[in-house]
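Asker: My questions will all concern the structure given below.
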Amino acid sequence: MATLASYPRKRTTQPTQPHLSSSKVVSAIVRYTILVILAFLFILPFYIMLRNGLMTEAQVTSPTSPLIPTELHFENITELFSDPEVPFVDGLINSTIISVLQTIGQILICMMAGYGLARIPYRWSDGIFYSILVTLMIPFAVIFVPVYVIVSYLHWVNTLQGLVVPGIFSGFTTFLFRQFFLSFPHELEEAGRVDGLGYWGIFWRIVIPNSTGIIAALSVITFIAGWNAFLWPLVIGQDPSAWTIQIVISNFLNSQNVNLHELFLSTVIAILPLVVIFFFLQRFIVEGYKQSGLKG
């Protein structure tokens with residue numbers, strides 16, 4: 001009679017859950033608590049401005065106005081844009097045009113300069129690069145008057161070119177592009193030379209399509225700097241038709257009959273484009289700075 005051999009059954013074990021020590025739990029709770037508090041402190045001023053912008057004048061000045069209003073007056077937005085004494089729409093348009101033109105011009109010029117300094121060998125490349133670094137150490141207040149004299153001599157006061165052209169060149173942007181192109185793969189350039197491309201063809205057909213990260217990062221930074229510029233537009237844009245949004249808000253503060261809800265609302269609208277741009281493109285900003293590196 002045949003006997004069946006009995007084999008020991010394999011014991012199935014359930015995967016063990018990673019055990020979190022009490023110190024790690026406490027550390028995570030403290031860390032996230034601090035982050036929540038910091039987020040609240042950063043968001044609170046923006047919320048107060050938005051709340052005051054959608055309240056009446058009496059509610060804004062009232063010491064007993066609630067933190068969360070029961071009624072919002074969205075007609076304040078229409079009132080702000082239709083106010084004949086405040087060129088708010090013109091300020092938004094001027095700021096947009098100036099920031100876009102400065103961004104396009106600065107990125108193109110500084111990118112070509114950075115590529116030339118990093119990849120094209122010539123005798124005085126190091127001297128030119130160090131001269132550009134020196135410009136980073138000179139405060140704008142030192143060159144403000146000479147630049148204004150030149151702009152005035154060219155009759156560019158109260159003109160678009162007077163507001164745009166002086167902000168096109170940036171030693172900082174050139175420096176970051178140069179550092180990025182130092183680490184650009186030589187193999188891609190050699191492949192372009194095999195196909196018969198020169199420096200210009202390699203730059204436009206190979207380098208630029210493979211440099212979108214640093215281009216996006218510096219474009220965002222340049223746009224934000226142009227949008228927030230105050231001193232130069234204040235001096236050059238003397239006519240109300242040439243005011244940027246920052247100058248319009250400044251005149252709000254100096255006005256005799258200022259409407260506080262319009263002041264708060266205009267500030268929120270002026271900040272909103274930058275918040276949206278940074279929110280959607282912050283990844284490119286971080287990656288761009290990582291890619292630029294500090295290679296010498």
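In UniProt numbering, the protein residues as written are 1 to 296. All C-beta atoms, glycine included, are put in the ideal place defined by N, C-alpha and C. All figures in this text were calculated on a predicted structure; none of them were measured in a lab.
(1) Once the 5 residues before and after I107 are set aside, which same chain residues still bring their CB inside 8 Å of it?
(2) What does a CB cutoff of less than 7 Å around A118 pick up in its chain, not counting 5 residues either side in sequence?
(3) Can you look up W200 in the DSSP assignment and give me helix, strand or coil?
(4) I'd like the list of long-range same chain contacts for R283, defined as Cβ closer than 6 Å, with 5 residues on each side in sequence excluded.
(5) If you measure between the beta carbons of G237 and V164, is that distance less than 9 Å?
(6) Near residue 298, which residues of its chain fall below 7 Å by C-beta distance, leaving aside the five closest residues on each side in sequence?
(7) Pick from N94, I132, V60, I37: whose alpha carbon is nearest that of A242?
(8) State the DSSP-derived secondary structure class of residue 309, mapped to helix, strand or coil.
(9) Alpha carbon to alpha carbon, how far is F46 from F264?
(10) State the start and end residues of the unbroken alpha helix (DSSP H) segment that holds D126.
(11) Nearest-angstrom Cα distance between Y153 and G167?
(12) Under 8 Å: do the segment 81 to 89 and the segment 184 to 191 share three or more Cβ pairs, one atom per stretch?
(13) Can you have a look at A229 and say buried or exposed, based on whether 16 or more other CB atoms are within 10 angstroms of its CB?
(14) Quick one: using the 10 Å Cβ neighbour count with 16 as the cut-off for buried, is M111 buried or exposed?
(15) Measure the alpha-carbon distance for M1 versus S21 and round it to whole angstroms.
(16) Here's the rule I'm using: 16 or more other beta-carbon atoms within 10 Å means buried, otherwise exposed. How should F175 be labelled?
(17) In terms of residues, what are the limits of the alpha helix (DSSP H) holding P45?
(18) Quick one: measure Cβ to Cβ for T212 and G171, integer angstroms, because I've assumed they're closer than 8 Å.
(19) Label K295 either buried or exposed according to how many other C-beta atoms from any shown protein chain fall within 10 Å of its C-beta, with 16 as the threshold for buried.
(20) How long is the line joining the alpha carbons of F42 and V36, rounded to whole angstroms?
(21) Which residue marks the beginning of the alpha helix (DSSP H) containing R205, and which one marks its end?
(22) What residues in its chain sit with their C-beta under 8 Å from that of R193, if we drop five residues either side in the sequence?
(23) Helix, strand or coil for I150, going by three-state DSSP, please let me know.
(24) Go ahead and label S23 buried or exposed: buried means 16 or more other beta carbons lie within 10 angstroms of its beta carbon, across all protein chains shown.
(25) Taking 7 Å as the limit between beta carbons, can you name the residues of its chain near Y148, skipping five residues before and five after?
(26) DSSP three-state call for M1: helix, strand or coil?
(27) Which of the three DSSP states, helix, strand or coil, is assigned to T267?
(28) Can you tell me whether DSSP reads L253 as helix, strand or coil?
Answerer: Looking at the atomic coordinates:
(1) T173, I215, L218, S219, T222
(2) R178, F181, L182
(3) helix
(4) none
(5) no
(6) As shown, the chain starts at 1 and ends at 296. That puts residue 298 outside it, with no answer to give.
(7) A242 has its Cα closest to that of N94, out of N94, I132, V60, I37.
(8) With the chain covering only 1 through 296, there is no way to say anything about residue 309.
(9) 10 Å
(10) Start and end: 125 to 135.
(11) 17 Å
(12) Touching, no.
(13) buried
(14) Buried, because 16 or more other Cβ atoms sit within 10 Å of the Cβ of M111.
(15) Its pLDDT being 47, under 50, M1 is placed unreliably in this model, and the value from its coordinates should be taken loosely. So the alpha carbons of these two residues sit roughly 58 Å apart.
(16) Buried.
(17) 22 to 53
(18) Going by Cβ atoms, the distance from T212 to G171 rounds to 23 Å, so no, they are not a contact pair.
(19) In this prediction, K295 has a pLDDT of 47, which is less than 50 and means its spatial position is unreliable; nothing more can be read from the coordinates.
(20) 10 Å
(21) It is not in any alpha helix (DSSP H) - R205 carries neither H nor E in the DSSP assignment.
(22) I202
(23) helix
(24) exposed
(25) V235
(26) Because M1 carries a pLDDT of 47, less than 50, the predicted location of this residue cannot be relied on, and the following value inherits that uncertainty. The answer is coil: DSSP assigns M1 none of H, G, I, E or B.
(27) helix
(28) helix
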